[in-house]
RNA sequence: GGCCCGUUGGUCAAGCGGCUAAGACAUCGCCCUCUCACGGCGAAAACGGGAGUUCGAUUCUCCCACGGGUCACCA
C-alpha cells in the first residue's frame, strides 16, 4: 500500500511537516539541570486535592531548579469541558500561592512561546505528526463503530482473553486501500490507530523518578491516537505536547503507570526523547473501612475550593500537602517555623511511594500553627475577607467594630507560646461572637453542684467591687477576696489540699463570671475580655444573668 | 480476571543488614493554671504471613495474603 497516498487521503488539509513544528518550537535554552514541568488538568470545573498534590510537585520541581512551570489545558474531551473551567483552575491555584511562568491565562489567551496551551487549539499540530506516522506505516484508520468495538470486547471477555484492539481483533490494521476508500467515500467516520509492533512477551525495566525501578510489559494494543473529530486522545497529545513544549519531567498520578508502555512506544515512533517520569502516589480516603482513591464526584470535601470555603488559610493547604509530599518537610518546618516554604529543599527522592490517607486532624493542627503565627491584624483581615464571601452579617459586624475585633484577637497572641484556638475562619464567629450583643447567648450552664445562692451572691458582689480602673493583678485579687468571703478557696492549691474545707475555689467563682459575661465555660483571658466589652456591658450581662439564677 | 504498584503504631512517616525501631498528629495521664488554649513531662501504640540468603534480617530474594490502581474515540 502507498502510505503517502493514504496519508493525503485521510488528512488532505494538512500541509505541514514535523520539521515545521520543530522549527516553530525550538528547544528551550535553560541552564543545566533546570526542570520544565507542567500542570495539565482538564477544565472540568473541579480541582481536587490530588490535582493540587501534583501541581505543588510540578511547581516546586521547576522553581527550585531555575526551570519553567507552565499550565496546559487538556480539553480534548469536549463533553467534559465546562465554560469557566480554566478560570477556576487559575484562580484556585493563585489563591494557594501557585503561579505559572507560562501557559493558558484568562479570557482564552496565552502567555509564552510554546502555545497554544489549550489542546483543542492544536489540532493541526497533532495531525501533522499523525500524518507523518501514516506515511511511515505506523498508524492506520479504523472504521469500527462503537457497537462493533463493544461486541468485540464482549467476545474477548467470554473467551477470557485480554480485551483490546490487537492481533486478529485489529480488523482494520491491514485493510486494503480499496476498502478504506470505500468507507471514506461513503462518509463513514474513522479514528486513527497506532500500529503497535510490541509484544506482551517483552518485559523491561523502567526507572521512575519516584517509584524507582518498575517492571513493564510492552504494549501490543493498537490504541486510538486521533479520535473521529481529528482531536487526539490523551496519549498522543501527551507525546506531542510534552516534546514540543520541552517538558523535562512529567508529574502525574500513578494510575498512568499502566499506559506508560504505550507512551514509551509513541515517543520512540515519533522520534522524541523520553522525558523523566514522576508517578505520584494518590491521596486516599477511608470509605466504609476501605482505602479508596479520592474521587471528584463522590467526595466534595476534597475539592480544592472546599478548604477556601471552610476558611483554611491558603498557605495551610499547601503546607499540609507538602508534609504528605516530602516526608522530611515536617521536621524542617519544626526547625524553621517561620521560614518561607520556598526555602525548603524539595526532592522527588523523599516522595512517598504509597498512597496516604487524608488526615483532617493534621490539617487542623497545621492550620492552628500557621494562624497562631499571624498578627491580630492579619487574622482580622483574613477573617473579614472570608466572612465577606460566606457570612455577610459577621462581615458587617467586623467592619463596624474593627478595633474591638482586633483587640479580642490580640489576646494571648504573639510571644513564644501563642494561643492556638483557631483552625479555620469559620470558627471565629463562635470563638468571639459574644463580643456582639446580637450573637451573645448563654451556651454553657453552671453545674448543679453549686449552690444557687452562692452563685447569685458572687455575681452581685462582683458588681459592687468591679472597677474598670483595676490592673490585672488587683482585678484578680478582688475575685480571690470574693471567693474567700463566700467560703471558696482563694487559691486552687489550697482547695486541692483540703477540698472538704471549701465549697469550691476561685476558679469556680471565675466560671460563674465567665458564663455570665461570655456565655461559655471557656474563653480567653477574662480580664482582657471585660476591658474590651467595657464596664457597662459587663455589668449589664452579669445583672441579667443573676436574675435568671 | 490479566497486568502493574504498594504493605513500619489509629493517621502521616524515619529507617536503607546489627538501633532499647525516630519524629509529628490524634488518644490518655500528670504538671502549669481563673476556664480554655499554649507550654512542659510521661504513657500506650508498629515492622501483614511463610520460606530462603546471611553469623545476623524491618531492610535483600521468592511465595502467599491483604490493600490500591488500570484495562475507552475520559483524562
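Residue numbers (the numbering used here): 817 to 1365.
We treat Cβ as the ideally placed atom computed from N, Cα and C, and that holds for glycine.
- Counting only runs that start and end inside the stretch 993-1053, the beta strand (DSSP E) elements of at least 3 residues fall at 1007-1010, 1019-1024, 1028-1033, 1040-1042.
- For residue 956, the uninterrupted beta strand (DSSP E) run begins and ends at 955-958, by DSSP.
- Per DSSP, the unbroken alpha helix (DSSP H) holding residue 874 starts and ends at 865-879.
- Two segments are said to touch when three or more pairs of C-beta atoms, one from each, lie closer than 8 Å; by this definition the stretch 1056-1075 touches the stretch 848-859.
- Beta-bridge partners of residue 934 (DSSP): 889.
- If one requires a minimum length of 4 residues, the alpha helix (DSSP H) runs lying completely within the stretch 1062-1140 are 1076-1086, 1120-1126, in chain order.
- Here the alpha carbon of residue 1058 sits roughly 12 Å from the alpha carbon of residue 1082.
- Of the candidates 1364, 1121, 843, 1284, 843 places its Cα closest to the Cα of residue 1088.
- Residue 923 carries a coil assignment under DSSP once its states are collapsed to helix, strand and coil.
- When the Cα atoms are used, residue 1039 and residue 989 turn out to be separated by approximately 11 Å.
- Rounded to whole angstroms, the gap between the alpha carbons of residue 1266 and residue 1272 is 11 Å.
- With contacts defined by Cβ atoms closer than 8 Å, residue 890 and residue 935 form a contacting pair.
- Only residues of its own chain outside the window of five on either side were considered, and among them 1188, 1227, 1228, 1229, 1340 have a CB closer than 8 Å to the CB of residue 1235, listed in chain order.
- Apart from sequence neighbours up to five positions away, the residues of its chain that approach residue 911 with a beta-carbon distance below 6 Å are 1130, ordered along the chain.
- Residue 1172 carries a strand assignment under DSSP once its states are collapsed to helix, strand and coil.
- As the crow flies, the alpha-carbon of residue 1300 is around 6 Å from that of residue 1306.
- Within the same chain, 1288, 1291 come within 6 Å of residue 1343 by CB-CB distance, once the 5 residues on both sides are set aside.
- Around residue 917, the same chain offers 884, 885, 886 as residues with beta carbons nearer than 7 Å, after the five sequence neighbours per side are excluded.
- Membership of residue 852 in the beta strand (DSSP E) is indicated by the continuous run 852-855.
- Bridge partners of residue 884 according to DSSP: 852.
- In the structure shown, residue 973 falls within a helical segment according to DSSP collapsed to helix, strand and coil.
- The bridge partners DSSP lists for residue 1167 are 1142.
- From the listed residues 1107, 1091, 1090, the smallest Cα separation to residue 1098 is found for 1107.
- Taken through DSSP and simplified to helix, strand or coil, residue 1305 comes out as strand.
- Contact annotation: the stretch 998-1009 touches the stretch 956-963, with at least three C-beta pairs closer than 8 Å.
- CA-to-CA, the gap between residue 866 and residue 1319 works out to about 57 Å.
- According to DSSP, residue pairing for residue 831 in a beta bridge does not occur.
- Residue 1191 has its alpha-carbon roughly 33 Å from the corresponding atom of residue 1261.
- Using a Cβ distance threshold of 8 Å, residue 1355 and residue 1282 count as a contacting pair.
- Counting only the Cα atoms, residue 903 lies some 8 Å from residue 923.
- Our two residues, residue 1174 and residue 1309, have alpha carbons roughly 43 Å apart in a direct line.
- Of all alpha-carbon atoms in 986, 900, 1034, 1024, the one lying nearest the alpha-carbon of residue 1077 is that of 1034.
- Remark: C-beta atoms of residue 1162 and residue 876 approach each other more closely than 8 Å.
- Shown here, residue 918 sits in a strand according to DSSP, grouped into three states.
- Taking the Cα of residue 901 as reference, the smallest distance to any Cα among 920, 1176, 1221 is reached at 920.
- Here the C-alpha atom of residue 1086 lies approximately 15 Å from the C-alpha atom of residue 1048.
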